[in-house]
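Enquirer: First, the structure itself, so that you have it in front of you.
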Amino acid sequence: MVLGAIRRWLKGSGVGRFLRFYYILNIAAICTYVFARKLAYRSMPSRELDNMSEWEKSAFSSLAILLAVKAVRTLTMDAFMSDVFMFSKSVILFMAWNLEPRLFAWYLILFSVLFLMVPQPFFEGPEDIVYLTPATFDTLIKRKGLPKKDPPDTGGEKVRWLVEFYANWSPPCVHLDPVFAALSVQYTTETLQFGKMDLGRWPLIAKEFNIHTGGTSKQLPTLILFEGGLEVGRIPHRFSDGSIAKGRYRKADIIKAFDLDHKNPVPASNSKNGKNERKKNK
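Using the numbering used here, read the sequence shown as starting at 1259 and increasing by one per residue.
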């Protein structure tokens, strides 16, 4: 009974994703360095051992400082953990190259397999988001849409949609997930709805809204606010010459950019009790 309650809490709060294979395997892979270095040090002359120890102290001290800075500036815990793994692996590869080329090769293969085979999991917790397809996008948004509840009671106001255009393979999209979910729970009303569109599945939608989805794209994720079927704002901003502004995705930045607090006062029911529903249209 207690275990069942813990499982429900982990799933409902979203914390359970940190117990997925991605986190467990990456932590385990990084921890193997402790044992690998001991084996390498056994066959190393004392002078080289002293030099290597100094290199190690400098490398891991720099890593600690870098991660401390990242912890302050990070968007979400998902983003911070991704940075921890990436920079820790970089330091391990650097040290392994200096210790033993064969050890470097072993770690390079291990980290490559983890990168390719074990992607970072998406957020699974409270949200009030409609997962859109081209058909539902056209019905709900382009044609000036209707609220999710039928018949609508919007007092004559136009329905606005804040839509996240994302790709499953993009780390920034994974990192934004907890923020967008929290906003959907806090701000969803009859006149403001939240949606997500997977550009990996629907590339023509990306072309329609001039969103570049290549590996070096600065437009993933893109948040667009629609009012009456028309785009009235987006993050990151796209200038008339085609250049892209730096996207700011902190919760406070999104609220300010789309003026959510003033245009969409938070209902008391939403501020006290978050909805825990995942709505999909396929």
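Every residue, glycine too, gets a C-beta built ideally from N, C-alpha and C. Quantities reported herein were computed from a predicted structural model and do not represent experimental measurements.
Exposed or buried, what is residue 1427 when buried is set at 16 or more other beta-carbons lying within 10 Å of its beta-carbon?
Expert: Looking at its Cβ environment, which holds fewer than 16 other Cβ atoms inside 10 Å, residue 1427 is exposed.
Enquirer: What's the gap between the Cα of residue 1450 and the Cα of residue 1420?
Expert: Their Cα atoms are separated by approximately 7 Å.
Enquirer: Suppose the cutoff is 6 Å on Cβ atoms and the five residues either side in sequence are ignored; what does the same chain contact list for residue 1485 look like?
Expert: Answer for residue 1485: 1416, 1418, listed in chain order.
Enquirer: Would you call the CB atoms of residue 1392 and residue 1460 closer than 8 Å?
Expert: Yes, Cβ-Cβ distance for residue 1392 and residue 1460 is below 8 Å.
Enquirer: Under a three-way DSSP split, which group does residue 1278 fall into?
Expert: Of the three classes helix, strand and coil, the one that applies to residue 1278 here is coil, per DSSP.
Enquirer: In chain order, which beta strand (DSSP E) runs of at least 3 residues are fully inside the region 1411 to 1437?
Expert: Entirely contained in the region 1411 to 1437, the beta strand (DSSP E) runs reaching 3 residues are, in chain order, 1418 to 1424.
Enquirer: Using the C-alpha atoms, what's the distance from residue 1514 back to residue 1336?
Expert: Each residue's alpha carbon lies about 23 Å from the other.
Enquirer: Here's the rule I'm using: 16 or more other beta-carbon atoms within 10 Å means buried, otherwise exposed. How should residue 1452 be labelled?
Expert: Buried, since its Cβ has 16 or more Cβ neighbours within 10 Å.
Enquirer: Identify whether residue 1302 lies in helix, strand or coil by the three-state DSSP scheme.
Expert: Residue 1302 falls in the coil class under three-state DSSP.
Enquirer: What number of angstroms, rounded off, separates the C-alpha of residue 1399 from the C-alpha of residue 1355?
Expert: Each residue's Cα considered, the two are about 54 Å apart.
Enquirer: Residues in its own chain within less than 7 Å of residue 1509 by CB, not counting five upstream and five downstream?
Expert: Excluding sequence neighbours, residue 1509 sits near 1437, 1440, 1441.
Enquirer: In whole angstroms, what separates the C-alpha of residue 1408 from that of residue 1386?
Expert: Note that residue 1408 scores a pLDDT of 47, beneath 50, so its modelled location is shaky and nothing firm can be said.
Enquirer: Going by other Cβ atoms of all chains shown within 10 Å of its Cβ, with 16 needed for buried, is residue 1492 buried or exposed?
Expert: Answer is buried; the Cβ neighbour count reaches 16.
Enquirer: For residue 1382, which of 1497, 1489, 1374, 1277 has the nearest alpha-carbon?
Expert: The shortest Cα separation from residue 1382 among 1497, 1489, 1374, 1277 belongs to 1277.
Enquirer: Tell me, which residues are paired with residue 1452 by DSSP?
Expert: The partner list for residue 1452 (beta bridge, DSSP) reads 1420.
Enquirer: Any idea what DSSP makes of residue 1362, helix, strand or coil?
Expert: Three-state DSSP puts residue 1362 in a helix.
Enquirer: Consult DSSP for residue 1405 and reduce its assignment to one of helix, strand or coil.
Expert: Note that residue 1405 scores 47 on pLDDT, short of 50, meaning its location in the model is unreliable; the coordinates nonetheless yield the value given after this. Coil, per DSSP.
Enquirer: Which residues in the same chain as residue 1361 place their Cβ atom closer than 7 Å to its Cβ, once the five residues preceding and following it in sequence are excluded?
Expert: Counting only Cβ-Cβ distances below 7 Å, and skipping sequence neighbours, we find 1294, 1298, 1354.
Enquirer: Out of 1495, 1456, 1499, 1388, point me to the one whose CA is closest to residue 1446's CA.
Expert: The residue with the shortest Cα to Cα distance from residue 1446 is 1388.
Enquirer: My assumption, with CB atoms under 8 Å, is that residue 1291 sits in contact with residue 1350. Please give the rounded CB distance.
Expert: Sure, about 5 Å apart at Cβ, within 8 Å.
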